[in-house]
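Colleague: Can you read through this structure? Questions will come right after.
So, in structure tokens, the structure goes:
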């Protein structure tokens with residue numbers, strides 16, 4: 021049984037859903053040491069989210085961003101508006117989508133399905149880079 | 021400390037929310053070996069979801085499906101429409117609901133509340149059977 | 021490697037989003053014994069949710085509750101209405117937001133970001149106190 025934990029950073033991106041799967045995996049090559057285990061990927065922010073979704077067609081990410089804007093619009097009668105019209109919808113999307121992914125590890129790889137990849141959903145128009153804590157645990161090879 | 025991992029299949033179902041709690045638990049009887057631990061149930065797909073919700077009244081599952089269709093309708097202005105009108109709403113629902121459940125294990129049983137059961141939310145009109153990776157870890161009895 | 025599990029209770033609250041971070045942490049001081057690990061916080065109910073979100077401005081919690089009511093309104097054509105108009109929207113919100121949080125532990129503390137705190141989102145007008153199973157695992161100091 022072995023534990024590993026590292027804080028990594030995801031580069032600053034504009035508002036939208038971005039495929040960051042490889043950017044994350046490259047920063048934790050230790051995944052390949054685990055025969056069976058669990059990876060937790062935890063975003064330390066409240067106006068962005070982590071999501072598993074379709075890893076191939078960029079149109080899915082565009083549609084996802086469009087649909088999230090329709091479900092969580094800027095024109096709800098929010099009170100918390102000091103930080104701009106994109107702030108409270110960002111908290112709302114973050115709460116609905118979530119910030120903590122748990123992905124099994126099998127034979128040194130994340131056991132995602134063929135079409136699954138990790139998205140960073142950036143909900144702010146001008147967010148910064150984003151901090152992520154990756155925690156690995158399991159039985160090593 | 022002991023790890024266990026198995027890929028299981030959930031039989032093909034029509035669009036809707038389905039109570040699959042027993043179908044999952046029966047395929048991993050090893051749960052009963054753990055005194056205290058954690059079960060991760062991970063769906064390897066992007067147009068279906070796993071949800072914990074009310075395990076008794078089938079009307080809740082019908083209402084859930086109806087409500088998800090209202091929140092994530094087929095008539096949003098999607099670009100990604102090649103795979104049919106149910107495809108992009110399926111990705112959207114999958115992203116919002118999620119595909120990875122973490123349920124504590126206590127004394128050989130999933131420590132769910134009295135009214136909680138695992139749903140497979142199938143978002144496609146004609147999805148196939150669905151692959152799930154179950155990972156158990158904990159202290160054995 | 022060490023496991024810890026305790027069922028705790030969150031006091032009864034009215035409908036809305038409530039910051040319960042300290043109420044939870046105070047009931048599991050054992051967190052401070054872990055150098056690196058994982059905390060799972062699991063709500064055993066189907067009409068309330070656990071969410072990580074902004075821990076500072078109470079207006080965010082008010083806006084969150086308002087927005088969830090708009091996304092999951094009471095006037096959808098629900099069948100399951102025996103327990104009142106707030107019941108099925110509660111199941112819906114619970115399914116969308118989720119009931120199981122996974123938060124890494126680093127150096128004896130939950131590794132949440134500066135602005136993150138745990139919310140109990142109570143979806144019923146007259147819910148009772150809420151049961152939560154907290155499971156800690158990791159390497160002790």
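Protein chains in written order, with our numbering: chain L, 21 to 161; chain W, 21 to 161; chain H, 21 to 161. C-beta atoms are modelled at their ideal positions from N, C-alpha and C, and glycine is treated no differently.
#1: Alpha carbons only, please: which of W:152, W:115, W:100 and W:157 is nearest the one belonging to residue 32 of chain W?
#2: With a cut-off of 8 angstroms, does the C-beta of residue 68 of chain H fall near any C-beta of chain L?
#3: Of all Cβ atoms in chain H, is any one closer than 8 angstroms to the Cβ of residue 155 of chain W?
#4: Please list, in chain order, the chain L residues whose beta carbon lies closer than 8 angstroms to that of residue 60 of chain W.
#5: Excluding the 5 residues flanking residue 131 of chain H on each side, which residues of the same chain have their C-beta closer than 8 angstroms to its C-beta?
#6: Might you give, ordered along the chain, the residues of its own chain that have their beta carbon closer than 6 angstroms to the beta carbon of residue 184 of chain L, omitting 5 neighbours on each side?
#7: By Cβ distance below 6 angstroms, which residues in the same chain neighbour residue 64 of chain L in space, the five residues on each side in sequence not counted?
#8: Return the first residue and the last residue of the alpha helix (DSSP H) that residue 114 of chain H is part of.
#9: From residue 100 of chain L to residue 93 of chain L, what does the alpha carbon distance come to, in whole angstroms?
#10: Pull the bridge partners of residue 122 of chain H from the DSSP assignment, please.
#11: Going by other Cβ atoms of all chains shown within 10 Å of its Cβ, with 16 needed for buried, is residue 17 of chain W buried or exposed?
#12: Name the chain L residues that come within less than 8 angstroms of residue 84 of chain W, Cβ to Cβ?
#13: Can you list, in chain order, the residues of its chain whose CB lies under 7 angstroms from that of residue 30 of chain H, leaving out five sequence neighbours each side?
#14: If you measure from the beta carbon of residue 162 of chain L to each beta carbon in chain W, is any gap under 8 angstroms?
#15: How is residue 28 of chain L classed by DSSP in three states: helix, strand or coil?
#16: Residue 21 of chain H by DSSP, collapsed to three states: which one?
#17: Would you tell me roughly how many angstroms separate the C-alpha atoms of residue 89 of chain H and residue 115 of chain H, rounded to the nearest one?
#18: Just checking: is the beta-carbon of residue 71 of chain W within a distance shorter than 8 angstroms of some beta-carbon in chain L?
#19: If you run the structure through DSSP and keep just helix, strand and coil, what is residue 131 of chain W?
#20: Hey, how far is the Cα of residue 162 of chain L from the Cα of residue 146 of chain H?
#21: Should residue 94 of chain L be flagged as near chain W, meaning a C-beta pair shorter than 8 angstroms?
#22: Assign residue 37 of chain W to buried or exposed, taking buried as 16 or more other Cβ atoms, counted over all protein chains shown, within 10 Å of its Cβ.
#23: Determine whether the Cβ of residue 77 of chain W lies closer than 8 angstroms to any Cβ atom of chain H.
#24: Using the DSSP secondary-structure output, state which residues sit across from residue 37 of chain W in a beta bridge.
#25: Hey, residue 82 of chain W and residue 48 of chain W: beta-carbon distance below 8 angstroms or not?
#26: If we ignore side chains and look at the alpha-carbon of each, how far apart do residue 109 of chain L and residue 118 of chain H end up?
#27: Mind listing the chain W neighbours of residue 51 of chain H? Cutoff is C-beta to C-beta under 8 angstroms, in chain order.
#28: How far does the beta strand (DSSP E) with residue 151 of chain H in it reach, from first residue to last?
#29: Should residue 87 of chain L and residue 142 of chain L be called a contact, given that it needs their Cβ atoms to be closer than 8 angstroms?
#30: Which partner residues does residue 54 of chain L have in the DSSP bridge list?
#31: Could you check whether the Cβ of residue 40 of chain L sits closer than 8 angstroms to any Cβ belonging to chain H?
#32: Taking the Cβ atom as the reference point for each residue, do residue 54 of chain H and residue 158 of chain H lie within a distance shorter than 8 angstroms?
#33: Between residue 106 of chain H and residue 128 of chain L, what straight-line distance do the alpha-carbon atoms span, to the nearest angstrom?
#34: Would you report the Cα separation of residue 79 of chain L and residue 144 of chain L, rounded to the nearest angstrom?
#35: Among L:154, L:97, L:95 and L:85, whose alpha-carbon lies nearest the alpha-carbon of residue 98 of chain W?
Modeller: In brief:
#1: W:152
#2: no
#3: no
#4: 58, 122 and 124
#5: 123, 124 and 125
#6: What the structure shows of chain L is the stretch from 21 to 161, and residue 184 of chain L is not part of that stretch, so it cannot be assessed.
#7: 151
#8: 107-117
#9: 14 angstroms
#10: H:60
#11: Here chain W covers residues 21 to 161 and nothing more, so residue 17 of chain W does not appear.
#12: What residue 84 of chain W touches in chain L: nothing, since even the nearest Cβ is about 15 angstroms away.
#13: 40, 43, 140, 149, 150 and 152
#14: This structure leaves residue 162 of chain L out entirely; chain L is present only between 21 and 161.
#15: strand
#16: coil
#17: 14 angstroms
#18: no
#19: coil
#20: Since the first and last residues shown for chain L are 21 and 161, residue 162 of chain L lies out of range.
#21: no
#22: buried
#23: yes
#24: W:141
#25: no
#26: 18 angstroms
#27: The premise fails here: residue 51 of chain H is roughly 16 angstroms from chain W at the closest Cβ pair, so nothing lies under 8 angstroms.
#28: 150-160
#29: no
#30: L:160
#31: no
#32: yes
#33: 46 angstroms
#34: 20 angstroms
#35: L:85
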